[in-house]
Ligand SMILES: Nc1ncnc2c1ncn2[C@@H]1O[C@H](COP(=O)(O)OP(=O)(O)OP(=O)(O)O)[C@@H](O)[C@H]1O
Ligand SMILES: [Mg+2]
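Residue numbers (the working numbering), protein chains in the order written: chain A, 150 to 346; chain B, 3 to 254.
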């Protein structure tokens, strides 16, 4: 998620403000990564990269695969949020003598971040839950941890329920925190929020 | 700057978008305190002309002199823009800021005025447009007429030499147009220099000291309202004014 966020911000800028060829490349990247299932991306990164000479540990493969995919989704969220701030506001900012950067910082950003928060929360939750897929390439995430315990204690139902419970707890907490942030930042005119799924 | 020198002088301004020649040599002058109205059919280049004056659109050729400085070749556009207020058809208010903050932001971020001083100044301007009681409202809580008045207060706060208006009332419901025109009329009377693109013939007739009729990227005719309404030289001016009277005439 962290890597995704770091990648997504420049990507969304490139898509909004970049020159045409950059826009095309970024948009192709987004389309590709949003169309391939997470698990397939993971396998491609983990089994594919060594074939062309990059040997990477499973955990790195997991971070890379998730980061790249999430970056595609997040950059879409940010791009949409930035675009939804009307261009006439930027014109107004420029007309009073603000630079492009000032206009972005003082006018676009405060609005775009409010608009992006709910879908971003959603994406955050998805990544959190999908991290269980790392199981498939042998990363010791929570589910694998669980299977180890099952192997020694033989209590599958209890252990899986515990894993489910932990996921539920973490996800709900994350959603609550972000939901609270959202309420705190709410302004008249910005209240058309999607419910958090 | 000598007394005689006009505040704003536009000389042979040209602008094309690709092959579409929008401005084909526009020249006119404005003295301090003038209120001039630009009229003309849709797509004639009225918006492009006033966007050029504020450098929101870069002209291809020609000169724009503001207080004796050619702004087309000026290095710091942002400094020039601070001297030119702009009021938009769609208001362009910052939706995440209250009316007061909308008026303050330019003072604080561009003019680097201390906050308390900026707040005081912003309150004065809101008062001037009759909105001091809405200072804490967000744009979403204001009517169109109120939004546009905040837009005018925002422009005024920057102490501009001239304010450009691009169809300031055409996005408004008919019953809200009056309150905005009223504020503009007060401004004109207080000596503000204003260049207004509008189809409000009542305003053009009673408030402006000159009407500029543009068509197809050139100025067809300009003159006092009496002259243009009573005996225009150009047949096209006559036809156009006649049509406008028909459409918007009864409003005032
Ligand atoms: N950024 C732009 N890129 C390309 N063409 C443009 C651009 N802005 C304006 N034009 C074109 O320039 C011409 C003049 O437009 P402009 O907006 O200046 O007309 P106008 O007189 O203000 O018309 P209206 O009364 O409809 O507002 C139109 O043909 C328009 O399509
Ligand atoms: Mg226009």
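Ideal Cβ placement from N, Cα and C applies to all residues, glycine included. None of the values given here were measured: they were computed from a predicted structure.
One thing to note: residue 235 of chain B has its Cβ within 9 Å of the Cβ of residue 223 of chain B. Residues of the segment 235 to 264 of chain A whose Cβ lies closer than 8 Å to any Cβ of chain B, in chain order: 235, 237, 238, 240, 241, 242, 243, 244, 245, 246, 247, 248, 251, 255, 256, 259, 260 and 263. For residue 144 of chain B, the closest C-alpha among the options B:104, B:195, B:44 and B:233 is that of B:104. By the Cβ neighbour-count rule, residue 44 of chain B is exposed, with fewer than 16 other Cβ atoms within 10 Å of its own. Within the segment 142 to 185 of chain B, complete beta strand (DSSP E) segments of at least 3 residues are found at 164 to 168, given in chain order. Residue 193 of chain B counts as exposed, since fewer than 16 other C-beta atoms from the protein chains shown sit within 10 angstroms of its C-beta. Between the beta-carbon of residue 272 of chain A and that of residue 224 of chain A there is about 11 Å, and that puts the pair past the 8 Å contact cut. In chain order, the residues positioned with their C-beta nearer than 5 Å to some heavy atom of ligand 1 are B:19, B:24, B:44, B:45, B:46, B:47, B:48, B:49 and B:50. In chain order, 8 and 9 place their CB closer than 7 Å to the CB of residue 33 of chain B, counting only its own chain and leaving out the 5 sequence neighbours on each side. DSSP places residue 15 of chain B in the uninterrupted beta strand (DSSP E) bounded by 10 to 19. As the crow flies, the alpha-carbon of residue 91 of chain B is around 31 Å from that of residue 233 of chain B. Distance between residue 192 of chain A and residue 286 of chain A, taken at the CA atoms: about 7 Å. Chain A places a beta carbon closer than 9 Å to that of residue 141 of chain B, counting this residue as a contact.
Distance check between residue 161 of chain B and each of B:181, B:54, B:83 and B:117 places B:83 closest, using alpha-carbon atoms only.
Per the coordinates, the alpha-carbon of residue 54 of chain B lies some 54 Å from the alpha-carbon of residue 198 of chain A. Residues of chain A with a Cβ closer than 9 Å to the Cβ of residue 58 of chain B are, in chain order, 240, 243 and 244.
The residues 270, in chain order, have a CB closer than 6 Å to that of residue 327 of chain A in the same chain once the five nearest residues on each side in sequence are set aside. Within the segment 211 to 282 of chain A, not a single complete beta strand (DSSP E) segment reaches 3 residues in length. Close CB contacts of residue 88 of chain B within its chain, under the 7 Å cut and outside five residues either way in sequence, are with 56, 157 and 166 (chain order).
Burial is judged here by how many other beta carbons sit within 10 angstroms of a residue's own beta carbon; residue 187 of chain A has at least 16 and is buried. Beyond the five residues adjoining it in sequence on each side, residue 67 of chain B comes within less than 6 Å, by CB distance, of 11 in the same chain, given in chain order.
The beta carbon of residue 175 of chain B does not come within 9 Å of any beta carbon belonging to chain A, so the residue lies off that interface. Within the same chain, and ignoring the five residues on either side of residue 292 of chain A in sequence, the residues whose Cβ sits closer than 8 Å to its Cβ are 281, 284 and 312. The distance from the Cβ of residue 133 of chain B to that of residue 148 of chain B is about 6 Å, consistent with a contact at the 8 Å cut-off.
Of all residues in the segment 108 to 130 of chain B, only 108, 111 and 112 come within less than 7 Å of chain A when Cβ atoms are compared, listed by chain position.
Among the residues facing chain A, residue 157 of chain B is included, as its CB has a counterpart in that chain under 9 Å away. In the DSSP assignment, residue 228 of chain B falls within the alpha helix (DSSP H) that extends over 227 to 232.
Contacts with chain A (Cβ-Cβ distance below 7 Å) from the segment 84 to 96 of chain B involve 84, 88, 90, 92, 94 and 96, listed in chain order. Residue 272 of chain A has its Cβ no nearer than 8 Å to any heavy atom of ligand 2. Ligand 2 never approaches residue 143 of chain B closely enough for any of its heavy atoms to be under 8 Å from the residue's Cβ. By the Cβ rule, the segment 98 to 114 of chain B does not count as touching the segment 178 to 190 of chain B, because fewer than three pairs are nearer than 8 Å. Beta-bridge analysis with DSSP links residue 22 of chain B to B:19. Not a single heavy atom of ligand 2 lies less than 8 Å from the C-beta of residue 217 of chain B. Considering only B:171, B:111, B:174 and B:208, the residue with the shortest C-alpha distance to residue 187 of chain B is B:208. DSSP, reduced to helix, strand and coil, places residue 115 of chain B outside both helices and strands of the structure shown, so it counts as coil.
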